[in-house]
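The structure under discussion appears below in the form of structure tokens.
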Amino acid sequence: MKSRITSMRPLLGLAALCAPLSLLPACGDSGLGGDAKEDTAGQGTAASASGDEGGSDGGDEGGLGVGQGGSQDFGQFKQILEMGEIPGPNTIDDVGFFNEHKVELPKPGCPNDVCLHGLFGQMGNMITGSDCITVLVGMNTAIDVDKLERPPLNLSLVIDTSGSMEGEPIAYVRDGLMRMLDGLESGDHISLITFSTSARVQVEAVTGDAPELINAIDAIAASGGTNIYDGLRTGFELVAAHAEDYAQNRVILLSDGNATEGITNDAKIISMAAGYAAQGYGLTTIGVGTEFDVDLMRSLSEQASGSFYFLEDPAAVKEVFHEEVTSFLVPLAEDVSLDVDIGDAYVLRGIYGTKLYDFTHGAGSIEIPNLQLAHRTAVDDHDNGGRRGGGGAILLELLRKQNAPATKAVGDLMLRYRVPHTDSYVDEKVAIQIPVAPDQVDLEKGTFDDLSVEKSFVMLNIFVGFQMAATRASQGDLIGAYKVLDSLDLNVDAWLVSNPDFDIEDDLKYIRLFKANLIAAGATEPPPTQPGQVPLPEPWPND
Numbered sequence: 000m001k002s003r004i005t006s007m008r009p010l011l012g013l014a015a016l017c018a019p020l021s022l023l024p025a026c027g028d029s030g031l032g033g034d035a036k037e038d039t040a041g042q043g044t045a046a047s048a049s050g051d052e053g054g055s056d057g058g059d060e061g062g063l064g065v066g067q068g069g070s071q072d073f074g075q076f077k078q079i080l081e082m083g084e085i086p087g088p089n090t091i092d093d094v095g096f097f098n099e100h101k102v103e104l105p106k107p108g109c110p111n112d113v114c115l116h117g118l119f120g121q122m123g124n125m126i127t128g129s130d131c132i133t134v135l136v137g138m139n140t141a142i143d144v145d146k147l148e149r150p151p152l153n154l155s156l157v158i159d160t161s162g163s164m165e166g167e168p169i170a171y172v173r174d175g176l177m178r179m180l181d182g183l184e185s186g187d188h189i190s191l192i193t194f195s196t197s198a199r200v201q202v203e204a205v206t207g208d209a210p211e212l213i214n215a216i217d218a219i220a221a222s223g224g225t226n227i228y229d230g231l232r233t234g235f236e237l238v239a240a241h242a243e244d245y246a247q248n249r250v251i252l253l254s255d256g257n258a259t260e261g262i263t264n265d266a267k268i269i270s271m272a273a274g275y276a277a278q279g280y281g282l283t284t285i286g287v288g289t290e291f292d293v294d295l296m297r298s299l300s301e302q303a304s305g306s307f308y309f310l311e312d313p314a315a316v317k318e319v320f321h322e323e324v325t326s327f328l329v330p331l332a333e334d335v336s337l338d339v340d341i342g343d344a345y346v347l348r349g350i351y352g353t354k355l356y357d358f359t360h361g362a363g364s365i366e367i368p369n370l371q372l373a374h375r376t377a378v379d380d381h382d383n384g385g386r387r388g389g390g391g392a393i394l395l396e397l398l399r400k401q402n403a404p405a406t407k408a409v410g411d412l413m414l415r416y417r418v419p420h421t422d423s424y425v426d427e428k429v430a431i432q433i434p435v436a437p438d439q440v441d442l443e444k445g446t447f448d449d450l451s452v453e454k455s456f457v458m459l460n461i462f463v464g465f466q467m468a469a470t471r472a473s474q475g476d477l478i479g480a481y482k483v484l485d486s487l488d489l490n491v492d493a494w495l496v497s498n499p500d501f502d503i504e505d506d507l508k509y510i511r512l513f514k515a516n517l518i519a520a521g522a523t524e525p526p527p528t529q530p531g532q533v534p535l536p537e538p539w540p541n542d
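Each residue of the sequence shown is one higher than the one before, starting from 0 at the first, in numbering that gives the first Met the number 0.
Now the structure itself:
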């Protein structure tokens, strides 16, 4: 059996999550993060709202989820497990993992297009049981999607037609592109570029019902090498040539391989895409199968505020194109900033579920280029296209300072964004509060504002458990990796008894598959912990 281990990059915030209370003195001096960025967005007309709706019966209750770009799934991690291998710590991404979970927020009650929620949760963590405090930063909208006017698309579809796409993959791409046509509107203009050894423009800036576009899709065939640079550059050039200020000017790139023709250096490909992104042209990347360059495709999407899909099953291509033109390209907010101000009783220890952030002990600043509607409307909405598109979540991890008096007030969240295609800004502020008296927090059963933050607490524990196990396995500690997952297995399974949830049930399947792969790789199932045995190391050491 093979073991796939990738090189280790820093695990953002991982070293500082949910440390035991006995380590609080060190926590106060750990010097985490950087200085919070100053909010410089101050132009235009601002509307303001304050206060959160607090707890509810859960469920979006007419509100739709709001999502951001970045990884839309953790398909690479799952695929490695399904192949009987052991994933490396860099094969799972917090944004991608959270985007495969639908978090049903309380009803949006603000007067704005995007409503902010700051929901408190505290319980012993699901690996060692030490105290863990989280805040779910959630966003949703009360907009009636049927009345939402989508801006026209100026879209370049850049499709890999190299020889490795032959057979089922290229057939699924044709089916997906045909299905995408149903989601287009009269003002949309589409360019189709195919690339193999070189790029070829099949159609340029035609309407979605143009016969030449339909014929070009139907005629797509696979042969030759993989010249990603030429295909992507051509796609951007056509978007630039037909760009309109009022339109969504965007490229969707699909590939199943590594660059083998033309310019093959990843840095040069990324630099070229970054140049177009700086001009306001977006990029979504779709990787298909097992051999594509994951790091390149993810990095490209991050350069241009787009989405990245890892499609282990080529059949999923049939859904993704349609998702991209119907849901993710409807902008609700642009130039988004989210400031976190934590009160004197707590320390901000980590931020998960987003990429652009800075934080110190008491404050944090998050930047998101744009927000769109999340296409998945409910936890049970997973028949087509899997679990992708839940809207994701942003989670803060806090630690109460030693000897600080417990207070019901925890801190504040401040959201600021620009209304798309205008110079107007919207500001919203919500308070983070413990939902009970501070001395009534139940660490065994958990104290949560709402079921949404309780599910998010479980999600975070599973994500960190996966990273812990992958890291330990990469260091040769297969038994240690197994013990982390075994504790997680027990506690997640117990939580599901009272909280049936498709997403978490599916996560549990992969926890158990990971355990089975570790056993097959040579780990021995450890006996139950006995008195005097060394306990599991804390999953989030204080350093």
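Ideal Cβ positions, reconstructed from N, Cα and C, are used throughout, including at glycine. Computed from a predicted model, the values in this text were never measured in an experiment.
Short Cβ contact (7 Å threshold) for residue i with residue j
{"i": "residue 216", "j": "residue 253", "result": "no"}
{"i": "residue 157", "j": "residue 250", "result": "yes"}
{"i": "residue 543", "j": "residue 416", "result": "Limits of the chain in this structure are 0 at one end and 542 at the other, which puts residue 543 out of reach."}
{"i": "residue 118", "j": "residue 452", "result": "yes"}
{"i": "residue 587", "j": "residue 226", "result": "Because the chain here runs from 0 to 542, residue 587 falls outside it and cannot be looked at."}
{"i": "residue 556", "j": "residue 114", "result": "With the chain covering only 0 through 542, there is no way to say anything about residue 556."}
{"i": "residue 85", "j": "residue 377", "result": "no"}
{"i": "residue 394", "j": "residue 356", "result": "no"}
{"i": "residue 313", "j": "residue 168", "result": "yes"}
{"i": "residue 207", "j": "residue 187", "result": "yes"}
{"i": "residue 459", "j": "residue 125", "result": "no"}
{"i": "residue 179", "j": "residue 65", "result": "no"}
{"i": "residue 255", "j": "residue 293", "result": "no"}
{"i": "residue 334", "j": "residue 295", "result": "no"}
{"i": "residue 392", "j": "residue 73", "result": "no"}
Separation of residue j from residue i, as counted between CA atoms
{"i": "residue 553", "j": "residue 408", "result": "The structure shown does not extend to residue 553, since the chain is modelled only from 0 to 542, so the question has no answer here."}
{"i": "residue 290", "j": "residue 268", "result": "18 Å"}
{"i": "residue 133", "j": "residue 275", "result": "38 Å"}
{"i": "residue 498", "j": "residue 370", "result": "29 Å"}
{"i": "residue 282", "j": "residue 439", "result": "48 Å"}
{"i": "residue 523", "j": "residue 478", "result": "6 Å"}
{"i": "residue 46", "j": "residue 504", "result": "Here residue 46 scores only 34 on pLDDT, less than 50, and its place in the model is too uncertain to base an answer on."}
{"i": "residue 120", "j": "residue 112", "result": "26 Å"}
{"i": "residue 396", "j": "residue 390", "result": "20 Å"}
{"i": "residue 310", "j": "residue 135", "result": "28 Å"}
{"i": "residue 199", "j": "residue 192", "result": "6 Å"}
{"i": "residue 151", "j": "residue 482", "result": "52 Å"}
{"i": "residue 338", "j": "residue 302", "result": "23 Å"}
{"i": "residue 318", "j": "residue 176", "result": "9 Å"}
{"i": "residue 260", "j": "residue 229", "result": "9 Å"}
{"i": "residue 365", "j": "residue 109", "result": "21 Å"}
{"i": "residue 485", "j": "residue 494", "result": "14 Å"}
{"i": "residue 76", "j": "residue 404", "result": "42 Å"}
{"i": "residue 373", "j": "residue 69", "result": "13 Å"}
{"i": "residue 304", "j": "residue 461", "result": "27 Å"}
{"i": "residue 94", "j": "residue 425", "result": "25 Å"}
{"i": "residue 544", "j": "residue 500", "result": "Shown here, the chain extends from 0 to 542; a query on residue 544 therefore has no answer."}
{"i": "residue 22", "j": "residue 353", "result": "Bear in mind that the predicted position of residue 22 carries a pLDDT of just 33, short of 50, making it unreliable; the figure below should be weighed with that in mind. C-alpha separation (whole angstroms): 27 Å."}
{"i": "residue 422", "j": "residue 474", "result": "51 Å"}
{"i": "residue 322", "j": "residue 436", "result": "44 Å"}
{"i": "residue 258", "j": "residue 443", "result": "52 Å"}
Extent of the continuous beta strand (DSSP E) run through residue i
{"i": "residue 247", "result": "247-254"}
{"i": "residue 278", "result": "It is not in any beta strand (DSSP E) - residue 278 carries neither H nor E in the DSSP assignment."}
{"i": "residue 375", "result": "Where residue 375 is concerned, there is no enclosing beta strand (DSSP E), given that its DSSP letter is neither H nor E."}
{"i": "residue 415", "result": "408-417"}
{"i": "residue 190", "result": "188-194"}
Best match in the options for proximity to residue i [C-alpha to C-alpha]
{"i": "residue 502", "options": "266, 455 and 264", "result": "455"}
{"i": "residue 514", "options": "311, 489, 386 and 401", "result": "489"}
{"i": "residue 223", "options": "202, 69, 195 and 467", "result": "195"}
{"i": "residue 62", "options": "375, 399, 461 and 485", "result": "375"}
{"i": "residue 153", "options": "144, 205 and 256", "result": "205"}
{"i": "residue 91", "options": "359, 79 and 101", "result": "79"}
{"i": "residue 244", "options": "419, 470, 450 and 462", "result": "419"}
{"i": "residue 358", "options": "432, 366 and 347", "result": "347"}
{"i": "residue 412", "options": "297, 378 and 427", "result": "427"}
{"i": "residue 324", "options": "182, 129 and 116", "result": "182"}
{"i": "residue 140", "options": "130, 131 and 116", "result": "116"}
{"i": "residue 239", "options": "491, 202 and 278", "result": "278"}
Proximity test, residue i beta-carbon vs the ligand FMN heavy atom, cut-off 6 Å
{"i": "residue 139", "result": "Among the components modelled here there is no ligand, and therefore nothing to report on the ligand FMN."}
Opening and closing residue of the alpha helix (DSSP H) in which residue i lies
{"i": "residue 317", "result": "316-322"}
{"i": "residue 399", "result": "Premise fails: residue 399 lies in the beta strand (DSSP E), 393-399, not in any alpha helix (DSSP H)."}
* May I have a chain-ordered list of the alpha helix (DSSP H) segments no shorter than 4 residues that lie completely inside the stretch 62-94? => 74-81
* Which runs of the alpha helix (DSSP H) fall wholly inside the stretch 473-516 and span at least 4 residues, in chain order? -> 477-497
* Kindly provide the ranges of any alpha helix (DSSP H) runs that are 4 or more residues long and lie completely inside the stretch 131-186, ordered along the chain. => 167-180
* To do: Starting from the N-terminal side, write out each stretch of the beta strand (DSSP E) that is 3 residues or longer and does not extend beyond the stretch 197-227.
  => 198-205
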